[in-house]
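*Asks:* Mind the numbering: the sequence shown is residues 6 to 178 in the numbering used here, read in order.
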Amino acid sequence: MGAQRTQAQQKAVDAPDGFGVAVVREDGTWRCTALSPAALASLTAAEQELCQLRSAGAVFGLLDIDDEFFVIVRPAPSGTRLLLSDATAALDYDIAAEVLDKLDYDIDEEDLDDADPFEEGDVGLLSDLGLPPAVLSIILDESDLYADEQIGRIAREMGFADELSAVLDRLDR
6 MGAQRTQAQQ KAVDAPDGFG VAVVREDGTW RCTALSPAAL ASLTAAEQEL
56 CQLRSAGAVF GLLDIDDEFF VIVRPAPSGT RLLLSDATAA LDYDIAAEVL
106 DKLDYDIDEE DLDDADPFEE GDVGLLSDLG LPPAVLSIIL DESDLYADEQ
156 IGRIAREMGF ADELSAVLDR LDR
């Protein structure tokens with residue numbers, strides 16, 4: 006029992022600053038719940054938490070990592086769909102490298118080191134829920150915004166800004 010607690014404490018220490026929120030749309034209603042700090046450090050942990058949510062509707066996760074970049078995680082029976090807002094973050098963050106690996110992106114550290122921030126993944130992963138790829142691309146291109154501000158824009162565009170704000174208030178964000 007003590008070893009499990011120590012491992013959980015270590016994962017919390019290793020987790021970057023930020024927040025993870027599960028977003029569920031069921032029967033035309035949005036619901037947001039906080040994900041554990043472990044979801045910020047591990048794509049596998051985020052996927053597992055999202056898959057444990059019981060819903061007949063759509064489920065996806067929004068992960069803000071150190072306000073530097075964000076990840077959208079959308080589990081599906083055919084495989085998890087992913088979007089990483091800044092692929093160059095893989096140089097400094099394990100979760101970003103994990104996303105690129107899952108996307109089969111060939112990570113060349115030298116190329117990433119010299120690159121301007123760019124997104125990698127599926128910009129259409131939320132299109133069936135009301136966020137067209139063109140609008141998500143505009144949000145991603147707004148490089149003057151922090152990751153939490155970009156997530157806020159996504160929430161406003163999709164119609165769950167109030168639900169997201171309520172969760173972030175509970176997290177003191």
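The C-beta atom is built at its ideal place from N, Cα and C for all residues, glycine as well.
Values in this document were obtained by computation on a predicted structure and should not be read as measured data.
1) Can you give me the Cβ contacts of G7 inside the same chain, cut-off strictly under 7 Å, excluding the 5 residues immediately before and after it?
2) What residues in its chain sit with their C-beta under 7 Å from that of D22, if we drop five residues either side in the sequence?
3) Under three-state DSSP, which class holds R178?
4) By the three-class DSSP mapping on this structure, what secondary structure does V172 have?
5) Which complete alpha helix (DSSP H) runs does the region 48-101 hold, if anything under 4 residues is left out?
6) When DSSP builds the beta bridges, which residues end up paired with G126?
7) Give every residue of the same chain whose Cβ lies closer than 8 Å to the Cβ of E103, excluding the five residues on either side of it in the sequence, and list them in chain order.
8) Along the chain, where does the alpha helix (DSSP H) containing G157 start, and where does it finish?
9) Spell out the partners DSSP gives A27 in its beta bridges.
*Replies:* This is what the structure gives:
1) Residue placement at G7 is flagged as unreliable, the pLDDT there being 42, under the threshold of 50; a coordinate-derived value is accordingly withheld.
2) D71
3) Collapsing the DSSP output to three states places R178 in coil.
4) helix
5) The qualifying runs are 48-57.
6) L88
7) Listed in chain order, the non-local C-beta contacts of E103 below 8 Å within the same chain comprise S47, L48, T49, local neighbours out to five positions each way being set aside.
8) Taken as a continuous stretch (DSSP letters only), the alpha helix (DSSP H) holding G157 covers 152-163.
9) In DSSP, A27 forms a bridge with T38, G66.
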